[in-house]
Amino acid sequence: MAFLSYLIGGLGLGSVYAIIALGYSMVYGIAKMLNFAHGDVIMVGAFMAYFAISKYHLPVLVGVVLAVVVCTILGVVIERLAYKPLRHASSLSVLITAIGVSYFLQNSAMLLWGTDTKIFPTVLSGSLTVGSLSVPYLTLITILTCIVIMIVLTLFINRTKTGRAMRACSEDKGAAALMGINVNRIISITFAIGSGLAAIASILLVATYPSVYPTLGSMPGIKAFTAAVFGGIGSIPGAFLGGLVLGVVENLSRAYISTQLSDAIVFMVLIVVLLIKPTGLLGKKVNVKV
Amino acid sequence: MENREKVLEVRGLGIDFGGLTAVNDLDLDIYQGEIYGLIGPNGAGKTTVFNMLTKVYQPSRGTIRLCGQDMAKLNPVTANIAGVARTFQNIRLFNKLTVLDNVKTGMHNSISYGKLAAVLRLPSYYKAEKEADEKAMELLTILGLDQYADTEAGNLPYGAQRRLEIARALATNPKLLLLDEPAAGMNPQETEELMAMIRKVRDYFKISVLLIEHDMKLVMGICERITVLNFGQLLAQGLPAEIQSNKEVIKAYIGE
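Going line by line, the protein sequences match chains A and B. Residues in the first sequence are numbered from 10 upward in steps of one, following this note's numbering. Residues in the second sequence are numbered from 11 upward in steps of one, following this note's numbering.
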């Protein structure tokens, strides 16, 4: 029973990683860049929810909506101001810019909101008990949210004209533009979706681990990036699978091996997977034509 | 000829890359329903002309008018919306998308429903997608690709990929279709079929076609008029028979 409960806890944590990983993976798939500021968008989302719920005592749902709206706008603005001017620059310049944006957001948060850790209020307590197994409602909601997001996003990408345009842009932006697809708009939409999802992840994260501070996004950001690479970056089912596997591995190793070593074990698993399958679990082999 | 509507009017078109003049002082008129050939030796600047007509390159000099509209301020997206569509010398399909989806990317601007309607699956979404499916299937049928609708474009045979590029370009609802070496790599029988298909498409969609081609049988067989470029300069312009007997053209192709 203990194992089952650790497993479900791991799936809950993995769901948060998966939702964040989707943002990394979609942006990589379409804009071909690693947006290292993605983790800090999570932090901004967490602060927005904290202020709304804890400071202004607004309903939880209002906090969620506020976080999603602010993060979506923030993601689009970051892309416009920091990445769009570098559309034709080398990928290294874009990568360094992304790291710069990440520090900018962290330091702005320290300046605006202080460096102290704020405690996120309990928004949902209680557990579902089945026999001797007890699962917190929050974990269930987290897993459920992740599943709903996966289904809606997959349908959106595969069945709508914007999704089709996104897939076209991920293959050949020049040809897509010549078919009348506004590539800049598609990239903006991608950042908007990724950042909106980051906001949802941020609330699920701080509802489970209730401390809010300016560097809050770093670790989940890196873990989610790992999950995206693990699953095969650019692949949406890959991000989902990578996130879940990572969460489960982390939680089980924390429970059975060592709390201190859990992160090391997670990254070791990543290294082993990449050695065996360099494109990640669901990544496709890229054929380079000579 | 002159009582037909003028679809494309190019005057004094030129472009420089650094100190190199790639195309200079090109004049070109294409009329409604015309199939027009653009030929010349390798490196003559033919594809560069296509890139200027689709606004991938901004011309250094001259004007381009499409049905009277000045194209100076357009970019590749707005040029496509204005009515210029093209295929590529090196096939540039969306390989991981199905054949049907490739055609539907071409219909991006004519499918109208909001993103919210798409997420909430409102009736407007289903209606618009169904109409797009029907129109795309019609295009695929005309180009003999209907049996491949659900195949990934990258898995199509070569000749079918070239035809799919034409279908995708037609899906954007163009007035002028630019074909960049449509017969490249095709055998004589496939070329023959392609010629019939280009005529059929022109008649069915009532468009004009400008094509770059090295296959002289195709060019002389279907083009009503031809322009010859050499080193970026206009070498000759006229009917196929005039071009074939033009001494300058023969010299440029075969050498002294």
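All C-beta atoms in this analysis are idealised placements derived from N, C-alpha and C, irrespective of residue type, glycine included.
Assess, as a yes-or-no matter, whether the stretch 79-89 of chain B is touched by the stretch 130-138 of chain B under the definition of 3 or more beta carbon pairs within less than 8 Å. Contact between the stretch 130-138 of chain B and the stretch 79-89 of chain B is absent, because fewer than three Cβ pairs lie under 8 Å.
Using the three-state DSSP reduction, which class does residue 299 of chain A fall into: helix, strand or coil? By 1-based counting over the first sequence, the position of residue 299 of chain A is 290. Low confidence applies to residue 299 of chain A: its pLDDT is 46, below 50, so where it sits in the model is not reliable, and the reading given next is rough at best. DSSP places residue 299 of chain A in coil when its eight states are reduced to three.
Do residue 26 of chain A and residue 44 of chain A have their C-beta atoms within less than 8 Å of each other? Reading the first sequence from its first residue, position 17 is the one you call residue 26 of chain A. Reading the first sequence from its first residue, position 35 is the one you call residue 44 of chain A. In this structure, residue 44 of chain A does not lie closer than 8 Å to residue 26 of chain A by Cβ.
I need the straight-line Cα distance from residue 20 of chain B to residue 226 of chain B, nearest angstrom please. In the second sequence, counting from the first residue as 1, residue 20 of chain B sits at position 10. In the second sequence, counting from the first residue as 1, residue 226 of chain B sits at position 216. For residue 20 of chain B and residue 226 of chain B, the distance between alpha carbons rounds to 24 Å.
Cβ distance (whole Å) where residue 95 of chain B is taken to contact residue 179 of chain B below 8 Å: Taking the first residue of the second sequence as position 1, residue 95 of chain B is located at position 85. Taking the first residue of the second sequence as position 1, residue 179 of chain B is located at position 169. Contact holds; Cβ gap of about 4 Å.
Pair within 8 Å by beta-carbon distance, residue 291 of chain A and residue 252 of chain A: Translated into positions along the first sequence, residue 291 of chain A becomes position 282. Translated into positions along the first sequence, residue 252 of chain A becomes position 243. No; because the gap between Cβ atoms is not below 8 Å, this pair is not in contact.
When the Cα atoms are used, what is the spatial distance from residue 17 of chain B to residue 167 of chain B? The sequence position of residue 17 of chain B within the second sequence is 7, counting from 1. The sequence position of residue 167 of chain B within the second sequence is 157, counting from 1. If I take the Cα positions, the gap works out to 34 Å.
Residues that residue 96 of chain B contacts on chain A, provided the C-beta gap is smaller than 7 Å: On the second sequence, position 86 is the one that residue 96 of chain B refers to. Going along chain A in sequence order, the residues near residue 96 of chain B (Cβ under 7 Å) are 187.
Any idea what DSSP makes of residue 237 of chain B, helix, strand or coil? Residue numbering aside, residue 237 of chain B sits at position 227 when the second sequence is read from its first letter. Strand at residue 237 of chain B.
From the beta carbon of residue 181 of chain A, is the nearest beta carbon of chain B less than 8 Å away? Counted from its first residue, the first sequence places residue 181 of chain A at position 172. Output row for residue 181 of chain A: interface = yes.
Give me, in chain order, the residues of the same chain whose beta-carbon lies closer than 8 Å to that of residue 249 of chain B; leave out the 5 immediate sequence neighbours on both sides. Numbered from its first residue, the second sequence carries residue 249 of chain B at position 239. The answer, listed in chain order, is 234, 235 and 236.
So, with DSSP's three-state summary, where would you put residue 130 of chain A? Mapped onto the first sequence, residue 130 of chain A falls at position 121. The answer is coil: DSSP assigns residue 130 of chain A none of H, G, I, E or B.
If you measure beta-carbon to beta-carbon, which residues of the stretch 144-167 of chain A are closer than 7 Å to chain B? 161 and 165
How about the stretch 114-127 of chain B and the stretch 172-192 of chain B: do they share at least three Cβ pairs that are nearer than 8 Å? yes
Just checking, does the stretch 221-231 of chain A make contact with the stretch 39-55 of chain A on the three C-beta pairs under 8 Å criterion? yes
Residue 171 of chain A: contacting residues in chain B (beta-carbon distance under 9 Å): On the first sequence, residue 171 of chain A is found 162 positions in, with the first residue counted as 1. Near residue 171 of chain A (Cβ distances below 9 Å), the residues of chain B are 118, 125 and 128.
So the beta strand (DSSP E) residue 75 of chain B belongs to, where does it begin and stop? As a first step, residue 75 of chain B must be located in the second sequence, where it is residue number 65. First-last of the beta strand (DSSP E) with residue 75 of chain B: 71-76.
Between residue 8 of chain A and residue 87 of chain B, which are expected to be in contact by the criterion C-beta below 8 Å, what is the C-beta distance as a whole number of angstroms? Here chain A covers residues 10 to 299 and nothing more, so residue 8 of chain A does not appear.
In the DSSP assignment, what are the bridge partners of residue 5 of chain B? Absent from the structure is residue 5 of chain B, since the part of chain B shown begins at 11 and ends at 266.
Between the C-alpha atoms of residue 151 of chain B and residue 216 of chain B, what's the straight-line distance to the nearest angstrom? As a working note, residue 151 of chain B is residue 141 in the second sequence. As a working note, residue 216 of chain B is residue 206 in the second sequence. In a straight line, the C-alpha of residue 151 of chain B is about 17 Å away from that of residue 216 of chain B.
Could you list which residues in chain A have their beta carbon closer than 8 Å to that of residue 107 of chain B, in chain order? Position 97 of the second sequence holds residue 107 of chain B. By Cβ distance, chain A contributes 173, 176, 177 and 180.
Go ahead and label residue 137 of chain A buried or exposed: buried means 16 or more other beta carbons lie within 10 angstroms of its beta carbon, across all protein chains shown. Counted from its first residue, the first sequence places residue 137 of chain A at position 128. Counting Cβ neighbours within 10 Å, residue 137 of chain A comes out exposed, since fewer than 16 surround it.
At what residues does the alpha helix (DSSP H) containing residue 243 of chain B begin and finish? Numbered from its first residue, the second sequence carries residue 243 of chain B at position 233. Not the alpha helix (DSSP H): residue 243 of chain B falls in the beta strand (DSSP E), residues 243-248.
Cβ shell of residue 32 of chain B (< 8 Å), same chain only, five flanking positions each side left out: Translated into positions along the second sequence, residue 32 of chain B becomes position 22. Result list for residue 32 of chain B: 25, 26, 55, 58 and 242, in chain order.
Can you tell me the Cα-Cα spacing of residue 118 of chain A and residue 133 of chain A, whole angstroms? As a position in the first sequence, residue 118 of chain A is number 109, starting the count at 1. As a position in the first sequence, residue 133 of chain A is number 124, starting the count at 1. The alpha-carbon atoms of residue 118 of chain A and residue 133 of chain A are separated by roughly 26 Å.
Looking only at DSSP bridge pairs, what is residue 27 of chain B linked to? In the second sequence, counting from the first residue as 1, residue 27 of chain B sits at position 17. Note: residue 27 of chain B sits in a beta bridge opposite B:30.
In terms of residues, what are the limits of the beta strand (DSSP E) holding residue 136 of chain A? Looking up residue 136 of chain A in the first sequence gives position 127. Element bounds for residue 136 of chain A: 136-139.
Need the endpoints of the beta strand (DSSP E) that residue 123 of chain B sits in, please. Position 113 of the second sequence, counted from the start, is the residue given in the question as residue 123 of chain B. Element bounds for residue 123 of chain B: n/a, residue is neither H nor E.
Quick check: the stretch 69-78 of chain A against the stretch 90-102 of chain A, are at least 3 beta-carbon pairs closer than 8 Å? When C-beta atoms of the stretch 90-102 of chain A are compared with those of the stretch 69-78 of chain A, fewer than three pairs fall below 8 Å, so the two segments do not count as touching.
Quick one: does residue 190 of chain A have its CB under 8 Å from some CB of chain B? Taking the first residue of the first sequence as 1, we reach residue 190 of chain A at position 181. By this cut-off, residue 190 of chain A is an interface position.
At which residue ranges does the stretch 14-51 of chain A contain complete alpha helix (DSSP H) runs of 4 or more residues, listed in the order of the chain? none
Proximal chain A residues relative to residue 275 of chain B, where beta-carbon distance stays under 8 Å: The structure shown has nothing for residue 275 of chain B, since chain B only spans 11 to 266.
Can the beta-carbon of residue 163 of chain B be found less than 8 Å from the beta-carbon of residue 171 of chain B? Locating residue 163 of chain B in the second sequence gives position 153, counting from the first residue. Locating residue 171 of chain B in the second sequence gives position 161, counting from the first residue. In this structure, residue 163 of chain B places its C-beta atom within 8 Å of the C-beta atom of residue 171 of chain B.
Presumed contact (8 Å Cβ cut-off) between residue 203 of chain A and residue 35 of chain A, rounded CB distance: On the first sequence, residue 203 of chain A is found 194 positions in, with the first residue counted as 1. On the first sequence, residue 35 of chain A is found 26 positions in, with the first residue counted as 1. So it is a contact: roughly 5 Å between Cβ atoms.
Presumed contact (8 Å Cβ cut-off) between residue 109 of chain B and residue 149 of chain B, rounded CB distance: Translated into positions along the second sequence, residue 109 of chain B becomes position 99. Translated into positions along the second sequence, residue 149 of chain B becomes position 139. Contact flag wrong, Cβ pair sits at about 10 Å.
Which listed residue (A:103, A:24, A:174 and A:207) has its alpha carbon closest to that of residue 121 of chain B: Working through the second sequence from its first residue, we reach residue 121 of chain B at position 111. Distances from the CA of residue 121 of chain B to each of A:103, A:24, A:174 and A:207 were compared; the closest alpha carbon is that of A:174.
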